[in-house]
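S.K.: All residue numbers for the sequence shown refer to my numbering, where the first residue is 115 and numbers rise by one. In this text, a Cβ means the ideal position worked out from N, Cα and C, and glycines have one as well. Structure below; questions to follow.
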Amino acid sequence: MKEQVKEETPENLNGKLNSANSKIDAIKELIFGENIQAYNSEFEALKADIIAKKEELQNLIGTVESEILQNIDTLSTDINIRISDLEKSVEDKLDNLDEKKVNRKLLGELFIKLGEKISD
Numbered sequence: 115m116k117e118q119v120k121e122e123t124p125e126n127l128n129g130k131l132n133s134a135n136s137k138i139d140a141i142k143e144l145i146f147g148e149n150i151q152a153y154n155s156e157f158e159a160l161k162a163d164i165i166a167k168k169e170e171l172q173n174l175i176g177t178v179e180s181e182i183l184q185n186i187d188t189l190s191t192d193i194n195i196r197i198s199d200l201e202k203s204v205e206d207k208l209d210n211l212d213e214k215k216v217n218r219k220l221l222g223e224l225f226i227k228l229g230e231k232i233s234d
């Protein structure tokens, strides 16, 4: 008999708790029903708006990222072209300096030969 009482007690308690919970839920629904539904719909609208904004921001981030990568590639190409131009310019100036030095040497030799011809 004690076993039957133990088994019945949880069922009865659960039954009483369930009925108490359902009564409380019914009272909540009566008192706050319209407000809760309004809050739920507002929360759902806010949730949908947040999700839409998140997707919009992710799209914007993707667009900005691709533009930045494209600008980096363009800048890299431009820098490489400028470096090549600078290297060519430096090489040309070095060649001109070498020619000027050679011309001075040639000029000196010409002056020596001219001096020798004048003295003869």
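Could you give the distance in angstroms between the alpha-carbon of I182 and the alpha-carbon of I197?
M.R.: 22 Å
S.K.: Please report the straight-line C-alpha distance between D206 and L200, rounded to a whole angstrom.
M.R.: 10 Å
S.K.: Give, in chain order, every unbroken run of the beta strand (DSSP E) that is at least 3 residues long and sits entirely within the segment 162-194.
M.R.: none
S.K.: Quick one: grab the DSSP three-state call for D234.
M.R.: Three-state DSSP puts D234 in coil, outside helix and strand.
S.K.: What number of angstroms, rounded off, separates the C-alpha of E125 from the C-alpha of F157?
M.R.: Residue placement at E125 is poorly supported in this model, since its pLDDT is 46, which falls under 50; the coordinates are not used for a value here.
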